[in-house]
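Residues in the sequence shown are numbered consecutively from 640, following the working numbering.
Here a beta-carbon is modelled for each residue, glycine too, at the ideal position from N, C-alpha and C.
These figures come from a predicted structure and were not determined experimentally.
The next block holds one structure in the form of structure tokens; read it before the comments.
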Amino acid sequence: MKKNIYLLFLLMIYNSGFSQTLGVSGKYIIKNGNNIILRGINYPFIDDGNINLISPASYQFYLNEASKTGANTMRISWYLPGTHWRDIQTPGTVQGYVNNGHLSNILTYIESKNMIPILEIHNGTCGNDWNLFNNSIIPFWKSSQMLSIINAHQGSLIINLANEFGYVRWTGNTTAAMTTFKTNYKNAITQLRDAGINVPIMIDAPDCGTSSSELVSMAPEIFNHDPLHKIIFSAHAYWSDYAPTNTNIETKLTEMTNSGLCWFFGEIAKNQDGNSCGSIDLSSYYPVLLTKLCQRQIGWAAWTYDQDCSAAREMTTNGVFANLTSYGNDIVNNPNYGLKSTSGCGVPSSGTLTSSEINAENEDKVYPTMFKDRFFVETNQEGSYNIFSIDGRQLSNGKLKKGKNMIITKQLNIGAYILKINKTSYKIVKF
640 MKKNIYLLFL
650 LMIYNSGFSQ
660 TLGVSGKYII
670 KNGNNIILRG
680 INYPFIDDGN
690 INLISPASYQ
700 FYLNEASKTG
710 ANTMRISWYL
720 PGTHWRDIQT
730 PGTVQGYVNN
740 GHLSNILTYI
750 ESKNMIPILE
760 IHNGTCGNDW
770 NLFNNSIIPF
780 WKSSQMLSII
790 NAHQGSLIIN
800 LANEFGYVRW
810 TGNTTAAMTT
820 FKTNYKNAIT
830 QLRDAGINVP
840 IMIDAPDCGT
850 SSSELVSMAP
860 EIFNHDPLHK
870 IIFSAHAYWS
880 DYAPTNTNIE
890 TKLTEMTNSG
900 LCWFFGEIAK
910 NQDGNSCGSI
920 DLSSYYPVLL
930 TKLCQRQIGW
940 AAWTYDQDCS
950 AAREMTTNGV
960 FANLTSYGND
970 IVNNPNYGLK
980 STSGCGVPSS
990 GTLTSSEINA
1000 ENEDKVYPTM
1010 FKDRFFVETN
1020 QEGSYNIFSI
1030 DGRQLSNGKL
1040 KKGKNMIITK
1050 QLNIGAYILK
1060 INKTSYKIVK
1070 F
């Protein structure tokens, strides 16, 4: 009788698309057992003095407007207490948003618009002050108030620990700097996981987010250090010097793809800061990159919906969707890579990807998807498989030969799992 009740419970989980949690599996974000490629916008609405963050009517209006872009993710700039201009005007304002539930309510509203919020700390941007990182930024995430918020939103939230933090290439001693970067981020992961934070953690590339190759070389060690294996690696595409040609871009993206890990372009923009804000033109560069990201199924977020020192890289003139700039219109409506594209790489209406959308040419067969001690995979090509828990932890893997393969699952406990074969994910249940 107890076994039958438990089997019924598993069936409920299976049919509902798994429990409400975010995981990371290969290059995909996993939510409710579905594969998600993040495609969205940055929106530092905390910087907009026209928005009252304690008034739902005020901030919901602007978030409604931003959601009209079709984005399935919104990356949000936030600040340490006492450091934002709002705090300079009225001390304690930003911490008050945290303490009094306003930040949590904002996240809830973003989630209600079918967007995954990525909350990032903007202090230390393009900096290398590891004392700030260890003594202010990480303690902020571990504070009791933030732990409560993170736990309340763990079904949809990603935390981006520190925007564009750390130097590697820029130090003149890349080897030593990479060791410093890895050590500090690994220590941070340990602290956050020990504090009970289970959401995916996003880590920006060093050197203002640009140094993707250097992060690729460090990524496996950082990823394997996380007991939950929920790390997302992010590059920012201010690559006018770092990867200026198509060949350079292909090299960088191939490195990411070959890593087998989850990559995201946290900022893609129309221009790049040089001698002044936005002085380096990227207007012919970013469409090439977005097209290539589309082909490789790598996620991205455009900088920025509103609030920037350069009007040319704002998607709207005032946060109202009807007032899209030419850049904003391209990000939203480009037929190939726009957020609303129906024929290219737009965001599906559900925000998630089906198996056919992930790999339309896949002809693999998995059966039975509910099994006791084994299941079978029929494939028309050699490949590999990975079995993940529903929170994204890899539990088993192996090779597949062309034809029929039998997968023994004696090592797995009764429960629901995610099976990934090459680029396709399946929901499976052992009972």
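Worksheet item: Given a threshold of 16 other Cβ atoms within 10 Å of its Cβ, counted over all protein chains shown, does Asn-762 qualify as buried or as exposed?
Response: Its Cβ being crowded by 16 or more others within 10 Å, Asn-762 is buried.
Practice prompt. Determine the extent of the alpha helix (DSSP H) in which Ala-816 is found, giving its start and end residues.
Written response: Where Ala-816 is concerned, the enclosing alpha helix (DSSP H) starts and stops at 813-833.
Worksheet item: For Val-971, which of helix, strand or coil comes out of DSSP?
Response: DSSP places Val-971 in helix when its eight states are reduced to three.
Worksheet entry | Gly-913: first and last residue of the uninterrupted beta strand (DSSP E) it sits in | No residue range can be given for Gly-913, since it is assigned to no beta strand (DSSP E) and is classified by DSSP as neither H nor E.
Worksheet item: Where does Glu-1000 fall in DSSP's three states?
Response: Low per-residue confidence applies at Glu-1000: pLDDT is 37, beneath 50, and the placement is therefore not dependable, though the value from the model is reported in the following sentence. Judged by DSSP in its simplified three-state form, Glu-1000 adopts coil rather than helix or strand.
Practice prompt. Kindly indicate which three-state DSSP category Pro-756 falls into: helix, strand or coil?
Written response: Here Pro-756 sits in strand by DSSP.
Item to complete: Look at Asp-865 and Ile-828 and say whether their C-beta atoms are less than 8 Å apart.
Response: Result yes, Cβ atoms of Asp-865 and Ile-828 sit closer than 8 Å.
Worksheet item: For Thr-964, does the three-state DSSP call read helix, strand or coil?
Response: Note: Thr-964 maps to coil in three-state DSSP.
Practice prompt. Whole angstroms is fine: what's the gap from Thr-956's alpha carbon to Ser-949's?
Written response: Rounded to whole angstroms, Thr-956 to Ser-949 spans 11 Å at the Cα level.
Worksheet item: Does the region 729-749 touch the region 1016-1034, meaning 3 or more C-beta pairs lie closer than 8 Å?
Response: No contact exists between the region 1016-1034 and the region 729-749.
Worksheet item: Mind checking whether Arg-808 and Glu-860 have CB atoms under 8 Å apart?
Response: Cβ distance not < 8 Å, so Arg-808 and Glu-860 don't count as in contact.
Worksheet entry | For Val-733, the first and last residue of its enclosing alpha helix (DSSP H) | Counting along the chain, the alpha helix (DSSP H) containing Val-733 begins and ends at 732-738.
Fill in: Rounded separation between Ser-751 and Lys-1041 - CA only
Cα-Cα distance, rounded: 44 Å.
Item to complete: Just the C-alpha distance for Ala-940 and Asp-1012, rounded to the nearest angstrom, thanks.
Response: Cα to Cα, the separation comes out at about 42 Å.
Practice prompt. Take Pro-683 and list the residues in its own chain whose beta-carbon comes closer than 6 Å to its own, dropping the five residues that flank it on each side.
Written response: Excluding residues within five positions, the ones whose Cβ falls inside 6 Å are Ser-716, Gln-946.
Worksheet item: What number of angstroms, rounded off, separates the C-alpha of Asn-774 from the C-alpha of Trp-780?
Response: Each residue's alpha carbon lies about 11 Å from the other.
Worksheet item: Exposed or buried, Lys-869, counting other C-beta atoms within 10 Å across all chains shown (16 or more means buried)?
Response: Buried, because 16 or more other Cβ atoms sit within 10 Å of the Cβ of Lys-869.
Worksheet item: Taking just the CA atoms, how far does Asn-711 sit from Pro-987?
Response: Approximately 9 Å, taken between the alpha carbons.
Worksheet item: Whole-angstrom Cβ separation of Val-971 and Thr-708, contact assumed at under 8 Å?
Response: By a beta-carbon distance limit of 8 Å, Val-971 contacts Thr-708. Their separation comes to about 5 Å.
Worksheet item: Looking at C-beta atoms only, is the number of pairs between the region 688-698 and the region 764-771 that lie closer than 8 Å three or more?
Response: With the cut-off at 8 Å, the region 688-698 and the region 764-771 do not touch.
Worksheet item: Gly-1022 to Thr-896, Cα distance in whole Å?
Response: Straight-line Cα distance between these residues: approximately 16 Å.
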